[in-house]
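Undergrad: Mind having a look at this structure? Questions to follow.
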Amino acid sequence: MRKLSFQVQVLSPVIVSSSAANVDLSSHSYIPGSAFRGILANHFDKLNDFAETLLFSGDVIFTPAYPLQEEVYYPMPFCMYEDRNQKESILYNLAKIGTLEDSGFKRKKGGFINSKGNVYFTQKEAYVKTAIDRASATALESNLFSYEAISPGQEFVFHVFLTDKVSDKLEETLVSLLEGDAYVGRSRSAEFGKVHIKKYIDSANQANFAGKDYIAYVLSPVVPKMQLPGSPIKVTGETLGLPEGHEITLAAIQMETVSHFNYYKQIRRDRTVQLLPRSVLRVSGEPPAEYIRAGSFAGEEGGILWVNPPFLQDETITVHSSSGDQDHKKWDFILQSYPKVKADRDFLQWLQSRRAESLPRHEYDKLLKEGMRIINAALLKADTLPTPSQWGQIRKAIEQAMDYQQIHAELFKENGFLRKGVQKAVWTQYVPVEGKEYLWEALHLAFSKMQPEQADFAAHKKLMLDLVNQLTKKAQEEKK
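Structure representation (structure tokens):
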């Protein structure tokens, strides 16, 4: 079985959600492999019938795309636990240890891990869109949709596994169709989902094949084989298609029921149960290969087990660093830690003076976020707020600005939109009496006076947009 790796650069926000049961879409922290199979589906006119059959037979298997930093990060395994009472960031690998005698352990949830023990969280951002009344060509404020999307600028890596049935010529064709600009995820016609794909050389993660047993990490969803029609699904060496005599001695897994829909063939598959990525199995027997094609191949997805990945080699792992935005970390959550925020002019002056100091980038970001917390809390405690449409105008001004001077000109000049909009607001006890002008000062300070170098503007612009998105949601809730 051959492996191809591809690097994905996110050029515009990507929305990849598991469900669209309501108007609020919460994005995955990765890009599913089916998104890249869909790219090929757009080019089936360039493939013959035999190629189409291979693509839907399990002979071409796409893994999800996971974050790329200095190397590829993979979903935190279900076998990783941490001590509730331990301050140090140490992860305990249940697949190696076997059991944890103390009840004070909890499973490590969320994030991605690499071979060095570094943890990463995909950066996301929130968006609010409004429906358009086609008759009047105006926005419908009562029809607002909130989206959570993977932020642009990040990079991901996915793998494509090919069986021996796939010829070299077909492999070349697949590579040529995948490389270049493409669109993935939801709302592709509304400025979302643009990515650039190119080949990637994956050399950092090398498996260890020593020993008479091995750890199998679920890299892409695995559907266990059904032994008899209607019989319960069992996770065994036989149902996963492992070599004869290989038995599972420990399982840290999570399963879900799915019913895949093949859009190209307009066929919905029967409901099946699959092992989710980040599931881990300990198997008795000599490691057969670095990657194992596992499970049922009746559908087009197929499953891949990664044998002895480097981040599962040791009993304990020291987490050296954690970067990125933690999953589900929203402004709502931040505000819970500030139940009674008071305006602090000394604090704001301290933030303003930080320009004269030589601060590392991460400390600068932290200061700006602290300022945003105060601003957000002050706004959400206000008796009146701008309407969703007005916040949309504010967002548009920020999006189109190339630097802080442009933001100042659009929002804070004498007749600037934001200054006129907030001066009529009545503030609560958490803002000083003289604070009718406080909101203007606070926003002016955060958006304009705290000017980083031009190269850093895009990162801090994202913080401004996150704040405005949250305020738009609040305005929407108050309007209902």
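Sequential numbering from 798 applies to the sequence shown in this note's numbering.
The beta-carbon is built from N, C-alpha and C at its ideal position, and this holds for glycine as well.
Please report how far the alpha carbon of Val957 lies from the alpha carbon of Ser1186, in whole angstroms.
TA: Near 44 Å, if we compare the C-alpha coordinates of Ser1186 and Val957.
Undergrad: With H, G and I counted as helix, E and B as strand and the rest as coil, what does DSSP make of Ile1030?
TA: coil
Undergrad: Which term fits Pro1305, buried or exposed, when burial requires 16 or more other beta carbons within 10 angstroms of its beta carbon?
TA: Residue 1305 lies beyond the stretch modelled for the chain, which goes from 798 to 1277, so this question has no answer here.
Undergrad: How far does the alpha helix (DSSP H) with Thr970 in it reach, from first residue to last?
TA: Asp965 to Leu975
Undergrad: Within the same chain, show all residues whose beta-carbon is closer than 8 Å to that of Ile1050, passing over the 5 residues directly before and after it, in chain order.
TA: Hits under 8 Å: Phe875, Val1015, Val1032, Leu1072, Leu1073, Ser1076, Val1077 and Leu1078.
Undergrad: On the DSSP letters alone, give me the boundaries of the beta strand (DSSP E) that Ile1101 sits inside.
TA: Gly1100 to Val1104
Undergrad: Under three-state DSSP, which class holds Val981?
TA: coil
Undergrad: Between Ile812 and Ala946, is the Cβ-Cβ spacing less than 8 Å?
TA: yes
Undergrad: To which residues of the same chain is Met877 closer than 8 Å at the C-beta, ignoring the five residues directly before and after it?
TA: The residues Leu888, Tyr889, Asn890, Leu891, Arg904, Lys905, Ile910 and Ile1114, in chain order, have a CB closer than 8 Å to that of Met877 in the same chain once the five nearest residues on each side in sequence are set aside.
Undergrad: Using 10 angstroms around the beta-carbon of Ala1206, count the other beta-carbons present and answer buried if the total reaches 16, otherwise exposed.
TA: exposed
Undergrad: Mind checking Ser1017: buried by the 16 CB within 10 Å criterion, or exposed?
TA: buried
Undergrad: In this structure, does DSSP put Phe902 in helix, strand or coil?
TA: In the displayed model, Phe902 falls within a strand according to three-state DSSP.
Undergrad: According to DSSP, is Pro872 helix, strand or coil?
TA: strand
Undergrad: Given the structure, does Ala923 come close to the ligand COA, in the sense that its CB is under 7 Å from one of the ligand's heavy atoms?
TA: Ligands in the displayed structure: none, and consequently the ligand COA is not present.
Undergrad: Using alpha carbons as the reference points, say which of Thr960, Ile894, Met1023 and Thr919 lies closest to Glu952.
TA: Thr919
Undergrad: Using DSSP with H/G/I as helix, E/B as strand and the rest coil, what is Lys1270?
TA: helix
Undergrad: CB-CB under 8 Å to Glu922, same chain, minus the five flanking residues each way: which ones, in chain order?
TA: Pro810, Glu945, Ala946, Ser948, Lys1259, Leu1262, Asp1263 and Asn1266
Undergrad: Identify whether Pro1185 lies in helix, strand or coil by the three-state DSSP scheme.
TA: Here Pro1185 carries a helix assignment [DSSP, helix/strand/coil].
Undergrad: Would you say Phe768 and Gly830 are within 8 Å of each other, going by their C-beta atoms?
TA: Outside the shown range of the chain, which is 798 to 1277, sits residue 768, and nothing can be said about it.
Undergrad: Just to confirm before moving on: does the CB-CB distance between Pro1021 and Leu1047 stay below 8 Å?
TA: no
Undergrad: Rounded C-beta distance between Val954 and Leu808? I'm assuming under 8 Å.
TA: The pair is not a contact, with the Cβ atoms about 16 Å apart (cut-off 8 Å).
Undergrad: Rank Glu879, Glu1274, Phe902 and Leu975 by C-alpha distance to the C-alpha of Phe803 and give the top, closest one.
TA: Leu975
Undergrad: Could you tell me the distance, in whole angstroms, from the CA atom of Gly1100 to the CA atom of Asp961?
TA: 16 Å
Undergrad: Using only the alpha-carbon positions, how far apart do Ala1194 and Ile1204 sit?
TA: 7 Å
Undergrad: If you reduce the DSSP assignment to three classes, tell me which class Ala1013 lands in.
TA: strand
Undergrad: From what residue to what residue does the beta strand (DSSP E) around Phe953 run?
TA: Glu952 to Leu959
Undergrad: Considering Lys995, what are the terminal residues of the beta strand (DSSP E) in which it resides?
TA: Note, Lys995: beta strand (DSSP E), Lys991 to Lys996.
Undergrad: Report the option in Phe1108, Ser912 and Glu879 whose CA atom is closest to the CA atom of Glu867.
TA: Ser912
Undergrad: If you check the beta carbons only, do Val857 and Val963 fall under 8 Å apart?
TA: yes
Undergrad: Rounding to the nearest angstrom, what Cα-Cα distance links Phe841 and Gly990 in this structure?
TA: 21 Å
Undergrad: Using the Cβ count rule (16 or more neighbours within 10 Å means buried), how would you classify Gln1273?
TA: buried
Undergrad: Spell out the partners DSSP gives Asp880 in its beta bridges.
TA: Partner(s): Phe902.
Undergrad: Judging by CA-CA distance, which residue of Val1019, Ala838 and Arg1090 is the nearest neighbour of Ala979?
TA: Ala838
Undergrad: Check the C-beta distance from Val1070 over to Ile1045 and give it rounded, since I have them as a contact under 8 Å.
TA: Not quite, the Cβ-Cβ distance comes to about 16 Å (not below 8 Å), so this is no contact.
Undergrad: Return the residue from the list Asn882, Gly1189, Lys800 and Thr1269 that minimises the CA-CA distance to Asp999.
TA: Lys800
Undergrad: Determine whether the beta carbon atoms of Ser886 and Val1116 lie at a separation below 8 Å.
TA: yes
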